[in-house]
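There are 2 protein chains.
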Amino acid sequence: MNTKIIHEAQNSPRDLSVIEKPAVSVSLLIFSINKGKLEVILIKRIRQPFEGFWSVPGDIISIEESLEEAALRVLHEKTGISDVYLEQLYTFGDLKRDSRGRVITIAYFALIPHNSVDLTKAPDALHARWTPVLNLPKELAFDHKKIVEYGSKRLKNKIGYSNIVQGLVPGKFRFSELQKIYEIILGEKLDKRNFRKKMTSLDIVRDTGEMYREGKHRPAKLYRFTTKNLVIYD
Amino acid sequence: MNTKIIHEAQNSPRDLSVIEKPAVSVSLLIFSINKGKLEVILIKRIRQPFEGFWSVPGDIISIEESLEEAALRVLHEKTGISDVYLEQLYTFGDLKRDSRGRVITIAYFALIPHNSVDLTKAPDALHARWTPVLNLPKELAFDHKKIVEYGSKRLKNKIGYSNIVQGLVPGKFRFSELQKIYEIILGEKLDKRNFRKKMTSLDIVRDTGEMYREGKHRPAKLYRFTTKNLVIYD
DNA sequence: ACAAAAGTGTTAGACATACACCCATGA
DNA sequence: TCATGGGTGTATGTCTAACACTTTTGT
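Quick mapping for you: the protein sequence lines, in order, are chains A and B. Take the first sequence: its position 34, counting from 1, is numbered 33 in numbering that gives the first Met the number 0, and each next residue is one higher. Take the second sequence: its position 3, counting from 1, is numbered 2 in numbering that gives the first Met the number 0, and each next residue is one higher.
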């Protein structure tokens with residue numbers, strides 16, 4: 000033991016300006032539910048490297064903005080919205096992930112209701128697309144496939160013990176809508192009675208008193224989440 | 000919506016060398032159980048800023064090493080050991096966390112059996128100390144208090160649904176030792192019969208056939224973990 | 001009256017919790 | 001024989017999973 004202890008300048012050098020620094024970016028997984036599928040925004044790259052490949056939105060972090068600010072900025076640039084559930088996912092820093100040089104990326108994920116964005120109205124509409132997570136292109140730019148998969152996994156885990164799903168639903172919703180979203184993310188059918196029991200026993204949704212009338216069948220009660228805050232149960 | 004969409008150079012600038020970059024470091028929470036407490040290695044700073052304050056070990060990431068390599072390097076420098084459970088925790092990037100300039104730090108946590116390190120033999124022995132997590136100094140350097148607290152919370156959560164605790168125990172152990180570790184981390188007493196049932200039903204430990212004889216009482220069977228791999232259950 | 005989605009209860013099994021006594025050993 | 005930690009089983013409550021029919025509406 001201790002054969003190779005290096006006498007290290009403590010923690011970090013006196014002068015940060017002398018060291019060679021990696022570039023640091025944020026990458027943003029913007030998830031939504033659309034047409035029965037979990038989708039994520041991808042951007043077609045118009046430059047090398049990976050020209051023509053699809054990538055996750057992202058940008059270099061400015062020296063004057065925090066990580067979360069950078070993530071929110073990218074989100075706003077791509078979608079025009081700002082008030083969303085945002086969570087830091089993981090930081091990816093392999094040496095070769097970007098051929099232009101060393102780039103470390105801090106991945107975030109955001110959940111938005113699908114109707115809150117119209118990508119066709121975004122300035123780079125031709126290059127931004129909603130893509131089903133289960134139908135990704137074979138290859139994405141950089142290590143972005145890994146990032147999307149990591150994020151999907153986290154989402155799938157986390158809806159099981161938190162109320163994050165509310166990021167994906169409109170303010171008022173029917174129980175059947177909510178259940179559908181769980182089913183899509185989990186990839187399995189749920190029992191309607193048990194689902195209702197679970198949700199109500201956790202006190203995570205509340206009856207608004209309003210009804211939703213549509214089609215030739217019984218109207219549905221509309222519910223909302225009891226709180227906007229993230230709640231972790233279990 | 001979309002009132003302020005900025006036409007952005009896609010993803011990142013063509014030339015990474017022109018941008019002003021933050022420094023990037025790793026911070027390492029090295030946890031161990033000692034004298035009935037969960038402890039973490041802290042280092043007394045000998046330079047400004049926060050001279051004389053305790054801090055979490057860390058170092059600037061070299062341009063030629065991955066994040067995990069940097070974390071392992073710091074770990075090896077501080078403890079002389081390399082074969083440990085290491086997990087990325089979170090990335091902290093507030094603007095003002097380091098007064099010398101913009102520093103983003105990627106925090107990792109490592110779990111080691113206490114007897115595997117002798118800090119008094121480390122080169123900076125005077126400056127490195129095991130410190131009980133429940134007895135931290137009032138203030139730590141930078142945002143390190145937040146980091147330690149975040150890490151302790153993650154550890155506490157994760158022992159509930161994984162076998163990571165094995166990072167903290169020696170290769171062979173008595174059930175009572177294992178239980179003690181859970182109790183320390185969770186901060187509550189556990190029932191010995193229920194604990195044993197849980198562990199054996201999850202098939203996470205296995206009888207080695209060996210016995211541990213000590214003191215004037217019945218010898219204890221020695222167990223080991225069934226696998227070295229991380230196992231997530233639940 | 002029928003089609004379509006909304007809404008509702010009960011039962012059985014799995015799992016978690018609470019709890020108290022005997023065992024093997026060394027002094 | 002006694003003190004010490006090792007080792008074991010049962011009963012109860014709680015949570016989960018499986019399962020089918022009635023209600024309300026529009027056409």
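In this text, a Cβ means the ideal position worked out from N, Cα and C, and glycines have one as well.
Classification of Q47(B) by the beta-carbon crowding that lies within 10 angstroms, buried from 16 upward = exposed
Alpha helix (DSSP H) containing K77(B): first to last residue?
-> 66–78
Scan the segment 75–96 of chain B for residues whose Cβ lies nearer than 9 Å to a Cβ of chain A and list them as they occur along the chain.
-> H75, E76, K77, T78, G79, I80, Q87, Y89, T90, F91, G92, D93, L94
Nearest-angstrom beta carbon gap, V164(B) and I183(B) [assumed within contact, 8 Å] = 10 Å between Cβ atoms; not a contact.
Interface residues of chain A facing E19(B) [CB-CB closer than 7 Å] = I62
Cross-chain neighbours of R153(A) in chain B, by beta carbon under 8 Å = Per Cβ cutoff of 8 Å: no residues; R153(A) is ~13 Å from chain B at best.
Which class does E19(A) belong to by DSSP, given the choice of helix, strand or coil?
-> coil
With 9 Å as the limit, tell me which residues of the segment 159–184 of chain B have their beta carbon closer than that to any beta carbon of chain A; keep them in chain order.
-> none
Chain A contact residues for V23(B), given Cβ-Cβ distances below 9 Å | K20, P21, V23, G92, I103
Hey, which unbroken runs of the beta strand (DSSP E) at 3 residues or more fall wholly within the segment 148–215 of chain B?
-> 204–211
Check the DSSP bridge columns for R110(B) and list the partner residues they point to.
-> Here the sequence assigns Leu to residue 110(B), which means Arg is not the residue at that position. DSSP lists F30(B), Y84(B) as partners of L110(B).
Can you tell me which of G166(B), R195(B), I146(B), D202(B) puts its alpha carbon nearest to the alpha carbon of F91(B)?
-> I146(B)
Are the C-beta atoms of I32(A) and some chain B residue less than 8 Å apart?
-> no
C-beta neighbour in chain A for I111(B), strict 8 Å | no
Tell me, to the nearest whole angstrom, how far the beta carbon of E209(B) is from that of L221(B); I am working on the premise that it is less than 8 Å.
-> 4 Å
What's the C-alpha gap between F49(A) and F141(A)?
-> 7 Å
Do you know how far the Cα of P112(A) is from the Cα of A106(A)?
-> 20 Å
When burial is assigned at 16 or more other CB atoms within 10 Å of the CB, is K77(B) buried or exposed?
-> buried
In chain B, which residues lie less than 8 Å from S65(A) when you measure between Cβ atoms?
-> G92, D93, L94
Sheet register partners of D58(A) (DSSP bridge) = V25(A)
Chain A beta carbons: is any one of them nearer than 8 Å to that of I59(B)?
-> yes
Leaving aside the five residues before and after G150(B) along the sequence, list all residues of the same chain whose C-beta is less than 6 Å from its C-beta, in chain order.
-> L28, L88, F108
Can you pull the DSSP bridge partners for P131(B)?
-> E38(B)
From L306(A) to W53(A), what distance separates their C-alpha atoms?
-> No statement about residue 306(A) is possible, as the shown extent of chain A runs from 0 to 233 and does not include it.
When the Cα of L133(B) is compared with those of S24(B), E19(B), G35(B), which residue comes out closest?
-> G35(B)
Helix, strand or coil: which one does DSSP assign to I45(A)?
-> coil
Would you identify the three-state DSSP class for K220(A), choosing helix, strand or coil?
-> strand
On the DSSP bridge assignment, give the partners of I103(A) in chain order.
-> V23(A)
CB of S26(A) within 8 Å of CB of G51(A), strictly | no
Three-state class that DSSP yields for T226(B) in the structure shown | coil
Any idea what DSSP makes of L139(A), helix, strand or coil?
-> strand
Sort I32(B), S24(B), Y160(B) by Cα distance to E68(B) and report the nearest one.
-> S24(B)
Bridge partners of Y89(B), per DSSP?
-> A106(B)
Which one of K20(B), R44(B), V55(B) has the shortest CA to CA distance from H143(B)?
-> V55(B)
Note down, in chain order, each residue of its chain lying with its Cβ closer than 8 Å to the Cβ of A121(A), except the 5 sequence neighbours on either side.
-> K77, T78, G79, A127
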